[in-house]
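In what follows, a structure is listed as structure tokens, so that the remarks can point back to it.
Numbering (the working numbering), first residue to last: 1 to 433.
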């Protein structure tokens with residue numbers, strides 16, 4: 001890669017004739033003002049003279065400008081995309097918090113009588129409601145007559161207060177429903193043709209039972225397991241599965257929903273269940289589940305931030321090198337400006353304007369690049385870590401925050417060349433070769 005990068009400028013240098021080398025004054029010999037952009041810049045008479053010169057100088061060496069923009073634009077695009085991913089992660093987890101209203105989930109080692117489950121936690125202050133569910137697996141009969149892999153089934157009371165369904169089509173389960181089922185888009189990986197109102201056949205305890213699809217809910221992360229899941233009425237499922245009056249899950253809703261309260265009640269209720277002879281597989285709070293999702297995604301986001309930081313450093317170093325070359329090439333021009341009475345501040349302004357314009361262009365290009373890139377990252381990272389695409393949201397606030405970062409990078413990269421240019425004296429310019 002270094003050899004490839006050095007090939008084109010080296011080849012261009014070997015093609016310079018002796019006459020061209022002797023007559024070269026460090027300024028691009030091509031006529032300025034041929035392109036529509038250069039002609040437009042010449043019409044900005046309302047700007048100060050140093051500002052006009054800085055704007056024109058930016059586009060003099062277009063190949064160097066392009067190379068400088070590549071790294072800065074890539075850094076801008078990746079950084080804004082990472083901010084978009086963070087925004088999407090927060091939105092997705094907030095949506096998950098809205099969907100799952102329960103504060104604590106208890107998973108038992110087997111099915112226990114619902115009366116024993118409720119009795120174990122009866123009278124605990126701070127517990128608003130506790131519901132007994134069944135969590136199991138079933139299989140779907142596919143279009144070709146074969147059976148699918150295991151699908152998670154949640155048998156819940158139709159009037160549950162532990163969920164606030166985010167419906168895309170149809171409705172939620174209702175009291176009196178029997179063979180009704182609510183699906184989510186995960187199921188499309190098995191049957192892409194399923195729609196609300198269709199009939200699906202599930203294999204429960206070796207028996208094929210028909211279910212009517214009454215609703216389609218949004219994809220919500222319910223754990224790090226990517227398998228499809230469905231919701232069915234508790235009474236109907238328990239009857240068909242031979243588990244009437246039994247439950248292997250308890251969903252608990254508290255008066256307070258902060259992480260500390262959830263942890264405290266989880267420990268207390270776990271102790272009560274064990275005292276009641278109920279064996280537990282695991283306990284998880286809503287805060288624990290959110291932290292698990294965040295920590296899994298933060299790994300990928302951190303790697304992207306490091307990549308964006310490295311590209312920003314490379315872009316800043318590239319800009320600093322380009323500005324140094326620009327100052328060296330225009331040493332005689334700076335001498336002419338000095339002879340015409342240009343102050344140190346005017347020369348400093350010319351170089352800084354050139355650097356700031358490069359930074360602004362890279363920011364604008366990065367903002368455009370971030371639109372498809374952030375959408376792709378939201379989908380890729382979401383599917384990789386929590387098995388669903390993250391909600392896409394373009395971070396307007398983050399975009400302008402990155403503008404401030406770009407300005408700082410540009411000023412740091414441009415200050416030394418600008419300071420050097422502003423200190424050149426007419427005597428130094430005349431002796432420059």
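Glycine residues also receive a C-beta, built at the ideal position from the N, C-alpha and C atoms.
Could you pull the start and end residues of the alpha helix (DSSP H) that residue i belongs to?
| i | result |
| --- | --- |
| residue 392 | Neither: residue 392 is in no alpha helix (DSSP H) and is coded neither H nor E. |
| residue 208 | Per DSSP, residue 208 belongs to no alpha helix (DSSP H); it is in the beta strand (DSSP E), 207-217. |
| residue 17 | Premise fails: residue 17 is in no alpha helix (DSSP H) and is neither H nor E. |
| residue 164 | Here residue 164 belongs to no alpha helix (DSSP H), and DSSP marks it neither H nor E. |
| residue 73 | 62-99 |
So, using beta-carbon positions, are residue i and residue j closer together than 8 Å?
| i | j | result |
| --- | --- | --- |
| residue 301 | residue 85 | yes |
| residue 358 | residue 69 | yes |
| residue 81 | residue 373 | yes |
| residue 209 | residue 111 | no |
| residue 135 | residue 248 | yes |
| residue 236 | residue 154 | no |
| residue 347 | residue 337 | yes |
| residue 254 | residue 190 | no |
| residue 196 | residue 216 | yes |
| residue 316 | residue 409 | yes |
| residue 63 | residue 284 | no |
| residue 308 | residue 146 | no |
| residue 369 | residue 98 | no |
| residue 126 | residue 273 | no |
Note down, in chain order, each residue of its chain lying with its Cβ closer than 6 Å to the Cβ of residue i, except the 5 sequence neighbours on either side.
| i | result |
| --- | --- |
| residue 174 | 158 |
| residue 178 | 236 |
| residue 324 | 417 |
| residue 89 | 297 and 390 |
By Cβ distance below 8 Å, which residues in the same chain neighbour residue i in space, the five residues on each side in sequence not counted?
| i | result |
| --- | --- |
| residue 118 | 130 and 132 |
| residue 414 | 319, 320, 323, 351, 352, 354, 355 and 356 |
Exposed or buried, which one is residue i when buried takes at least 16 other CB atoms within 10 Å?
| i | result |
| --- | --- |
| residue 77 | buried |
| residue 205 | exposed |
| residue 422 | buried |
| residue 220 | buried |
| residue 120 | buried |
| residue 354 | buried |
| residue 182 | buried |
| residue 184 | buried |
| residue 330 | buried |
| residue 310 | exposed |
| residue 109 | exposed |
| residue 286 | buried |
Going along the chain, which residues of its own chain have a beta-carbon closer than 7 Å to the beta-carbon of residue i, five neighbours each way excluded?
| i | result |
| --- | --- |
| residue 138 | 151, 153, 202, 203 and 204 |
| residue 101 | 161, 162, 163, 164 and 253 |
| residue 334 | 347, 421, 424 and 429 |
Would you kindly report the start and end of the unbroken beta strand (DSSP E) that includes residue i?
| i | result |
| --- | --- |
| residue 107 | 104-113 |
| residue 152 | 151-156 |
| residue 231 | 229-233 |
| residue 202 | 199-204 |
| residue 248 | 246-254 |
| residue 139 | 127-140 |
| residue 180 | 180-183 |
So within the segment 265-290, which uninterrupted beta strand (DSSP E) runs reach at least 3 residues, ignoring any that extend past its ends?
280-285
What residue ranges within the segment 331-360 form continuous alpha helix (DSSP H) runs of no fewer than 4 residues, ordered along the chain?
331-339
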